[in-house]
Amino acid sequence: MPAINLSGGNLVQTQTIRQHKVPSPPTQDRNLSKHRIQVVTTRRKTQGKKERELEERQRHLRAELIDLNKVQTAEYRHTYKHNLCLDMLAEGFHKSFGELFALIRQQNEERQIAGPESVLWNKVLLENEPEKLDVLKAYLTQSEAADRIENYTLVYQCQYKLARFFQSTGDKWLADHFFENCLMTTHMVHDDEGRLAAEGHCNVGIALEQNGEYFEAAENFELYHNLSKGKNDWVTEEGEPMHYKAAANLARIYTTIATKHETAGDLAMYLSYLEKANQMAYESGDRKLESDSCYRVGVAYEKNQNSETALKQLNRYLEICSALDDNEGYGKACEAIAKSYESQGKIEESIKYLEMFVEVAEKTNNEKATSRACSHLGAMFNSLGRYDQAVEYFNKSYNISRALNDTETISSSRVLFGVAAAHKMLQNFSIHVELNNRPTMERIIEWKDNRGDEFDKNIPEPAKEGSKPATPVMEKQASNEVKEEPASNQETDS
């Protein structure tokens with residue numbers, strides 16, 4: 005067709021446009037057409053029995069599938085923690101959600117700070133433990149509901165149950181958290197005369213003690229002790245009076261603090277806290293706790309060279325052990341009292357209590373204590389020059405050490421036994437040297453050859469030339485009473 009004049013004119017140009025020749029479509033191959041027809045008309049292969057059973061099973065399973073709504077689908081796709089938090093928010097417990105979320109975040113932050121090589125890194129996270137999350141949700145929401153109606157006693161009980169639950173599971177950080185919450189809640193309870201506050205201070209004090217914060221723990225135990233003073237009807241879950249329990253806790257924490265001062269070299273504070281612990285032990289009514297405290301105080305004063313005060317405490321310890329039939333403690337008391345008397349120079353009193361120590365140790369079949377007591381007695385007798393008794397007790401100590409195969413004491417016992425035996429032999433040996441005759445010299449030479457102790461035997465008189473053999477000095481009187489044999493027999497025998 006002719007082109008349109010775009011210049012605005014009405015004339016049509018008659019210029020001829022050259023037409024391109026359009027190629028005709030290729031002719032179809034008859035063989036290809038036949039092939040296509042064969043493909044279309046091919047029948048489907050008949051299904052076998054197994055295929056039909058599989059298809060039927062699939063159809064049956066599809067029919068059993070439950071149609072999930074939007075909420076159910078979200079629960080399936082999200083984590084248990086996510087769904088639980090959504091439930092708490094949907095039920096209106098925003099405060100409980102905030103506390104749970106803060107605990108989960110705190111654990112994750114501590115885990116990141118500790119690093120991959122820490123114990124926390126391999127521990128299962130709170131957000132992945134559905135059972136604990138359920139317990140948290142139950143008590144946190146119940147506590148929040150009680151808080152709304154200002155029932156703070158119920159709030160305390162919910163927090164306390166959570167603390168006990170996590171104590172049983174070994175999650176100390178969570179237990180400490182809820183014990184602290186319990187203590188804060190007690191400030192809003194005003195109708196129990198401070199009983200819940202006393203219990204709260206006790207639980208927080210124990211938690212701080214376990215964390216090594218001893219001075220802070222002592223402050224809480226002191227508040228617990230003050231609140232429970234005079235309240236004889238207040239008892240713990242175990243049925244023990246709370247005031248006695250408070251005194252026992254203070255005795256324990258004061259003893260621990262005293263040990264810290266001893267390590268630091270502050271002897272005055274060490275004795276001061278031991279005295280406080282002793283006073284609290286007496287208030288607790290626990291005789292065993294009191295006896296142990298008396299022993300510690302007595303030993304401490306003995307180290308401080310105050311033997312008189314030490315003896316008062318140690319004798320008190322001895323009395324309580326005797327009343328409790330505590331044979332092991334009785335032996336410890338005898339040993340400590342003997343050392344105290346020895347430091348005062350009262351040797352006979354020291355020996356008396358050491359002998360009591362040996363007797364009790366043998367009675368209880370405490371072989372180590374028996375060996376130690378015999379060694380102390382041997383040293384005491386050796387210092388007094390009573391070498392026969394020293395040898396006896398050192399020998400006993402050495403034999404017990406060998407029987408026990410106690411490598412630490414065998415060597416020392418052997419040396420002490422040898423020293424005592426040498427002291428025992430020295431006096432008779434000196435007599436033999438002073439006599440300076442043939443029989444004594446022969447005995448000394450024989451002793452050097454076989455090291456057998458024969459110096460305690462009677463010393464024979466030296467024989468005169470042409471006379472009969474020498475008669476021992478100590479046997480001379482006895483031999484005079486015996487009828488002499490004929491000289492011919494003596495000569496024959498000689």
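So for the sequence shown, our numbering puts the first residue at 5; every next one is plus one.
Idealized CB from N, CA, C, for every residue including glycine.
If you're wondering where the values come from, they're calculated on a predicted model, not measured in any experiment.
Assumed close pair residue i, residue j - CB separation to whole angstroms, cut-off 8 Å
i: Ile108; j: Glu131; result: 5 Å
i: Ala340; j: Gly302; result: 6 Å
i: Trp238; j: Arg199; result: 6 Å
i: Gln111; j: Leu140; result: Wrong, their Cβ atoms sit about 12 Å apart, outside the cutoff.
i: Ala202; j: Met246; result: 6 Å
i: Gly209; j: Asn224; result: 3 Å
i: Ser288; j: Tyr228; result: At roughly 13 Å, the Cβ-Cβ gap does not stay under 8 Å, so Ser288 and Tyr228 are not in contact.
i: Leu137; j: Lys85; result: 6 Å
i: Tyr321; j: Cys298; result: 4 Å
i: Glu306; j: Ala314; result: 4 Å
i: Asn308; j: Leu275; result: 7 Å
i: Leu104; j: Glu114; result: 16 Å between Cβ atoms; not a contact.
Residues that DSSP places opposite residue i in a beta bridge
i: Val239; result: Pro245
Range covered by the alpha helix (DSSP H) that runs through residue i
i: Gly96; result: Segment: none, Gly96 is in no alpha helix (DSSP H) and carries neither H nor E.
i: Pro134; result: Pro134 to Arg152
i: Asn369; result: Segment: none, Asn369 is in no alpha helix (DSSP H) and carries neither H nor E.
i: Arg61; result: Lys53 to Glu68
i: Lys292; result: Arg291 to Lys307
i: Trp177; result: Lys176 to Thr190
i: Arg168; result: Tyr156 to Thr173
i: Val123; result: Careful: Val123 lies outside any alpha helix (DSSP H) and carries neither H nor E.
i: Asp392; result: Tyr391 to Leu408
i: Asn310; result: That residue, Asn310, is in no alpha helix (DSSP H); it is neither H nor E in DSSP.
i: Gly1; result: Residue 1 cannot be examined here, being either before or after the span of the chain that is shown, 5 to 498.
i: Leu200; result: Arg199 to Gln214
i: His82; result: Premise fails: His82 is in no alpha helix (DSSP H) and is neither H nor E.
i: His229; result: Tyr218 to Ser232
i: Leu278; result: Leu271 to Ser288
Contact test: residue i Cβ vs the ligand HEM heavy atom, cutoff 7 Å
i: Lys141; result: For the ligand HEM, the structure offers nothing, since it holds no ligand at all.
Own chain, CB closer than 6 Å to residue i, minus 5 neighbours either side, in chain order
i: Ser417; result: Ser401, Tyr402 and Ser405
i: Gly380; result: Checking the sequence, you will find His at residue 380 rather than Gly. The residues are Leu358.
i: Ala365; result: Gly335, Ala373, Thr374 and Ala377
i: Asn386; result: Ala394 and Ala424
i: Ala167; result: Ala179, Phe182 and Phe183
i: Ile355; result: Met384
i: Thr368; result: Asn331
i: Tyr397; result: Cys378, Leu381 and Gly382
i: Phe170; result: Leu178 and Ala179
i: Asp196; result: none
i: Ala262; result: Tyr274, Tyr277 and Leu278
Close beta carbons around residue i, own chain, < 7 Å, minus the five adjacent residues each side
i: Glu220; result: Leu212
i: Lys165; result: Tyr143
i: Gly204; result: Cys186, Leu187 and Thr190
i: Thr260; result: Tyr218
i: Cys325; result: Ser295, Gly333, Tyr334 and Ala337
i: Gln348; result: Ser311
i: Glu353; result: Tyr345
i: Thr240; result: Met246 and Lys249
i: Met360; result: Cys338
i: Glu266; result: Tyr274
i: Leu271; result: Asn308
i: Gln163; result: Ser147, Phe182, Asn185, Cys186 and Thr189
i: Leu388; result: Ile351
Residue i at chain B interface by Cβ criterion, 8 Å
i: Ser172; result: Considering every chain present, this structure includes no chain B. It has just one protein chain.
Cutoff 8 Å; reference residue i; Cβ partners in own chain excluding five residues on either side
i: Gly174; result: none
i: Val193; result: Tyr156, Thr157, Tyr160, Leu200 and Ala201
Using a Cβ distance threshold of 8 Å, determine whether the stretch 359 to 375 contacts the stretch 390 to 404, with at least three qualifying pairs required.
With the cut-off at 8 Å, the stretch 359 to 375 and the stretch 390 to 404 touch.
Please confirm if the stretch 282 to 289 is in contact with the stretch 254 to 268, defined as three or more CB-CB distances below 8 Å between the two stretches.
yes
Would you say the stretch 290 to 302 touches the stretch 336 to 355, given that touching needs at least three Cβ pairs under 8 Å?
Short answer: they touch.
Would the stretch 184 to 195 count as touching the stretch 150 to 170 if we require 3 or more Cβ pairs under 8 Å?
yes
Does the structure place the stretch 62 to 72 close enough to the stretch 83 to 90 that three or more beta carbon pairs sit under 8 Å?
no
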